[in-house]
Amino acid sequence: MIVLSYASTEELHTLRNKIEKRMQQDYLDKNTEAPFLDENKLLLLQTLFGQTNLPDKQQTDYTITIMLIQMALDTHDKVIVTTKTDETADERKNRQLTVLAGTYYSALYYQILAGLEEIDMVALLATSIKEINEQKMSLHYDATTSEAFFKKLGQLEGCLFRTAASRFIDTARLDPLDDYCLISRLQQEVREENQTSLLVKLASIIEMEQSGLTVMQVIQQEIEAAKRRLLAGLDTLPPAFAKLSRKLLLQGNRQEELFLEEG
Amino acid sequence: MKLPMIYSYLKKDLDRIEDAMTNTIRAEHPVLEDASVQLLRAGGKRIRPVFVLLSGKFGTYELPRIQTVAVALELIHMASLVHDDVIDDAELRRGKPTVKAKWDNKVAMYAGDYIFARSLEYLSKLEEPRAHQILAHTIVELCVGEVEQIRDKYRIEQHLKDYLRRIRRKTAILIAASARLGAIASGAPLEYERALYRYGYYVGMSYQIIDDVLDFTASEADLGKPAGGDLLQGNMTLPALLACEDRFFKERLTQAFHNTEALDQEALQPFIQHIKTSDSIKRSLEISDRYLQKAYQELDKLPPTRDRNTLKQIARHIGKRSS
Numbered sequence: 001m002i003v004l005s006y007a008s009t010e011e012l013h014t015l016r017n018k019i020e021k022r023m024q025q026d027y028l029d030k031n032t033e034a035p036f037l038d039e040n041k042l043l044l045l046q047t048l049f050g051q052t053n054l055p056d057k058q059q060t061d062y063t064i065t066i067m068l069i070q071m072a073l074d075t076h077d078k079v080i081v082t083t084k085t086d087e088t089a090d091e092r093k094n095r096q097l098t099v100l101a102g103t104y105y106s107a108l109y110y111q112i113l114a115g116l117e118e119i120d121m122v123a124l125l126a127t128s129i130k131e132i133n134e135q136k137m138s139l140h141y142d143a144t145t146s147e148a149f150f151k152k153l154g155q156l157e158g159c160l161f162r163t164a165a166s167r168f169i170d171t172a173r174l175d176p177l178d179d180y181c182l183i184s185r186l187q188q189e190v191r192e193e194n195q196t197s198l199l200v201k202l203a204s205i206i207e208m209e210q211s212g213l214t215v216m217q218v219i220q221q222e223i224e225a226a227k228r229r230l231l232a233g234l235d236t237l238p239p240a241f242a243k244l245s246r247k248l249l250l251q252g253n254r255q256e257e258l259f260l261e262e263g
Numbered sequence: 264m265k266l267p268m269i270y271s272y273l274k275k276d277l278d279r280i281e282d283a284m285t286n287t288i289r290a291e292h293p294v295l296e297d298a299s300v301q302l303l304r305a306g307g308k309r310i311r312p313v314f315v316l317l318s319g320k321f322g323t324y325e326l327p328r329i330q331t332v333a334v335a336l337e338l339i340h341m342a343s344l345v346h347d348d349v350i351d352d353a354e355l356r357r358g359k360p361t362v363k364a365k366w367d368n369k370v371a372m373y374a375g376d377y378i379f380a381r382s383l384e385y386l387s388k389l390e391e392p393r394a395h396q397i398l399a400h401t402i403v404e405l406c407v408g409e410v411e412q413i414r415d416k417y418r419i420e421q422h423l424k425d426y427l428r429r430i431r432r433k434t435a436i437l438i439a440a441s442a443r444l445g446a447i448a449s450g451a452p453l454e455y456e457r458a459l460y461r462y463g464y465y466v467g468m469s470y471q472i473i474d475d476v477l478d479f480t481a482s483e484a485d486l487g488k489p490a491g492g493d494l495l496q497g498n499m500t501l502p503a504l505l506a507c508e509d510r511f512f513k514e515r516l517t518q519a520f521h522n523t524e525a526l527d528q529e530a531l532q533p534f535i536q537h538i539k540t541s542d543s544i545k546r547s548l549e550i551s552d553r554y555l556q557k558a559y560q561e562l563d564k565l566p567p568t569r570d571r572n573t574l575k576q577i578a579r580h581i582g583k584r585s586s
């Protein structure tokens, strides 16, 4: 987690509450694992909309909407590849509700934007969801080396942000942010207690590569490599994104973070 | 008369919708493309596009505009089916392997999300915020309906209104939205739009009740799966709910539902047989018929055209269908 100044921490907390409130559904909340809300991506969106002249409410609505899509996609990724033949009643219910939860969050994104009469934004984000699912298929079927796997994953993770950003700013200089999104995703995978489908897929690739490394070792190596790439690309990023990326790179180093925050 | 014969004069327009659907779901990844095409080829009655087209006839009928709504609604329905097959762990749909059976759950999830996104992208051509608001609300309600269906599984103690609310969300509101959006896309007068919405709603209710009856009474060949599948999955549909008015039946079913792991087709046979031979089938059909009568009443609020007559014949056909 990135350490932030008080004001932005509070802002982030408020935004987080708004998102959680919007996605509230009693039965789903009680019976499914809450989706992971990636605060690094939330900060990325805050930074993006901070560059625009959009009114605060609109910035918040867009951020909530995009995060809902992210969580919808992530939730559907949790659906088990093949239903177990000896599935218990609880496992069955969990599988069923995981499908519905993802669809529900996705429907909310449409509902919010339709309510705001933002049909162009509905279309833009739908295009992104379409592309992401193409990329997910490619990751699922075509990634045969860990290098290709991480490259595809980076593009996939950055896709939603890049598409959203394209409506407001010139995205030509934002390429390094794919690595920002990749680092955040991989850190999330490291924290996961369960075997995610990404980890399973990566494990099968590593087995074929016979490198002798474990999945976690390969992920840690890639996090470091992505950090190096992001660091090298900092100069090309617009200043606000460069500052945010620096914070991600300095995660865990409290002294340096404080220095950076104090300017 | 078979259902498509009733609206055979719409065939040209329906063919154009079919073509547009095929073009819309084209994907770059070959597996995604195959999965989407397989879904499309599995066919279906395309009843939602039919309602959109017919409702559109009560305003200014411009096919490109009406088509936008019809294609998007059918794709949303298709996306929900491919996800439903993951939920139900279904191997077959309309006698053919499901996407999740031919590939896996992952592909089914991605295909469903892809088709849903394509449908919204396609529908965004319609610059009519009210249409989007209605549809978005409908989709949210559909999801909540499905969540409630899971919540209510194996719950014997439920009321008729629980069931009706569930099928309203599960089936009726998407059909109602189809009729309403067709009217909106064609700029039909508000009074017609409302009548068409209610017509769709009542027909949808009747349709689902009959579907639930057929799950007990139709042959395995007609259903494409063994009869009584709803009960096997713990879904308390109308015939089962009405049969529970018999205290002895209710007690036995409660016991059976206590041990869901041991519940199989064979164990449920006596219950299915009881429902089939009791008056709960007849009473369910009477309730379905009451909805149909209400649907006819709504049609009386529309001008007497061939399209109104077609809507009436469709409702009548739904009331009589046996598969």
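Residue numbers (this note's numbering), protein chains in the order written: chain A, 1 to 263; chain B, 264 to 586.
Glycine included, each C-beta is placed from N, C-alpha and C at the ideal position.
What you are looking at is a predicted structure, and each value in this text was computed from that prediction instead of being measured.
Cβ-Cβ separation, residue j to residue i (assumed contact under 8 Å), whole Å
i: Glu384(B); j: Ala123(A); result: 5 Å
i: Leu202(A); j: Val190(A); result: Not really, about 12 Å apart at Cβ, beyond 8 Å.
i: Ala439(B); j: Arg328(B); result: Incorrect: roughly 20 Å between the Cβ atoms, too far for contact.
i: Leu531(B); j: Leu494(B); result: 6 Å
i: Tyr460(B); j: Arg443(B); result: 4 Å
i: Leu234(A); j: Ala242(A); result: 5 Å
i: Val362(B); j: Ala374(B); result: 6 Å
i: Leu244(A); j: Leu37(A); result: At roughly 17 Å, the Cβ-Cβ gap does not stay under 8 Å, so Leu244(A) and Leu37(A) are not in contact.
i: Lys416(B); j: Gly358(B); result: Going by Cβ atoms, the distance from Lys416(B) to Gly358(B) rounds to 26 Å, so no, they are not a contact pair.
i: Ser128(A); j: Thr171(A); result: 12 Å between Cβ atoms; not a contact.
i: Leu295(B); j: Pro312(B); result: Not quite, the Cβ-Cβ distance comes to about 23 Å (not below 8 Å), so this is no contact.
Beta-carbon proximity list for residue i, same chain, < 7 Å, skipping 5 on both sides
i: Val79(A); result: Arg95, Thr98, Val99
i: Pro502(B); result: Asp475, Val476, Phe479, Ile538, Ser543, Ile544, Ser547
i: Ile83(A); result: Sequence inspection shows Thr at residue 83(A); the Ile mentioned does not correspond to that position. Excluding positions up to five away in sequence, the list reads Arg95.
i: Leu574(B); result: Leu317, Tyr462, Leu562
i: Gly263(A); result: Reliability of the predicted coordinates at Gly263(A) is poor, the pLDDT of 45 falling under 50, and no value is obtained from them.
Contacting residues, own chain, Cβ-Cβ under 6 Å from residue i (five flanking each side not counted)
i: Ile289(A); result: Given a span of 1 to 263 for chain A in the structure shown, any question on residue 289(A) remains unanswerable.
i: His521(B); result: none
i: Thr434(B); result: Gly467, Gln471
i: Ala578(B); result: Val466, Leu555, Ala558
i: Leu48(A); result: Ala165
Nearest residue (CA-CA) to residue i, options the options
i: Ala114(A); options: His400(B), Tyr455(B), Ala448(B); result: His400(B)
i: Ala458(B); options: Pro502(B), Glu514(B), Pro489(B), Ala558(B); result: Ala558(B)
i: Cys406(B); options: Ile550(B), Leu386(B), Ala394(B), Arg428(B); result: Arg428(B)
i: His422(B); options: Trp366(B), Glu508(B), Val300(B); result: Glu508(B)
i: Ile119(A); options: Arg381(B), Leu389(B), Ala380(B); result: Leu389(B)
i: Lys424(B); options: Val410(B), Leu505(B), Asp478(B); result: Leu505(B)
i: Asn286(B); options: Leu338(B), Arg311(B), Tyr324(B), Gly408(B); result: Leu338(B)
i: Glu10(A); options: Ile132(A), Gln46(A), Ile69(A), Leu153(A); result: Gln46(A)
i: Val332(B); options: Leu453(B), Asp570(B), Glu529(B), Gly445(B); result: Gly445(B)
i: Arg229(A); options: Phe150(A), Lys136(A), Asp170(A), Leu198(A); result: Phe150(A)
i: Lys136(A); options: Glu291(B), Ile430(B), Ile473(B); result: Glu291(B)
i: Asp297(B); options: Pro392(B), Pro360(B), Gly307(B); result: Pro360(B)
Residue i, buried or exposed, once every other Cβ within 10 Å from all chains shown has been counted against 16
i: Ala226(A); result: buried
i: Phe534(B); result: buried
i: Lys130(A); result: buried
i: Gln155(A); result: buried
i: Thr540(B); result: exposed
i: Leu28(A); result: buried
i: Val200(A); result: exposed
i: Lys57(A); result: exposed
i: Ala89(A); result: exposed
i: Ser106(A); result: buried
i: Arg185(A); result: buried
i: Leu174(A); result: buried
i: Leu453(B); result: exposed
i: Ala7(A); result: Low confidence applies to Ala7(A): its pLDDT is 47, below 50, so where it sits in the model is not reliable enough to give any reading.
i: Phe511(B); result: exposed
i: Lys320(B); result: buried
i: Met208(A); result: exposed
Spatial neighbours of residue i in its chain, beta-carbon cut-off 8 Å, leaving aside the 5 residues before and after
i: Arg356(B); result: Ala305, Leu344, Asp348, Gly487
i: Thr60(A); result: Leu15, Lys18
i: His580(B); result: Met264, Leu266, Ile269
Chain-ordered chain C contacts of residue i [CB-CB under 8 Å]
i: Leu108(A); result: The structure shown contains no chain C; its protein chains are A and B.
| said: List, from N- to C-terminal side, the alpha helix (DSSP H) runs of 4 residues or more that fit wholly inside the segment 350–385 of chain B. | reply: Runs of the alpha helix (DSSP H) inside the segment 350–385 of chain B: 362–365.
| Minimum length 4: unbroken alpha helix (DSSP H) runs contained in the segment 42–81 of chain A | Counting whole runs of 4 or more residues, the segment 42–81 of chain A contains the alpha helix (DSSP H) stretches 56–77.
| request: Could you tell me which uninterrupted alpha helix (DSSP H) segments, each at least 4 residues in length, are contained entirely in the segment 119–183 of chain A, listed from first to last along the chain? | output: DSSP runs (the alpha helix (DSSP H)) wholly in the segment 119–183 of chain A: 119–142, 146–166.
| Continuous alpha helix (DSSP H) assignments of at least 4 residues falling wholly in the segment 219–257 of chain A | Taking only runs of at least 4 residues, the alpha helix (DSSP H) segments lying wholly in the segment 219–257 of chain A are 239–249.
| query | Whole alpha helix (DSSP H) runs in the segment 502–551 of chain B with 4 or more residues, listed along the chain? | reply | Listed in chain order, they are 510–521, 528–540.
| message | I'd like the ranges of any alpha helix (DSSP H) spanning at least 4 consecutive residues and lying wholly in the segment 294–344 of chain B. | response | You should have 310–319.
| said: Suppose only complete runs of 4+ residues qualify. What are the alpha helix (DSSP H) ranges in the segment 385–424 of chain B, listed by chain order? | reply: Fully enclosed alpha helix (DSSP H) runs of 4 or longer: 392–414.
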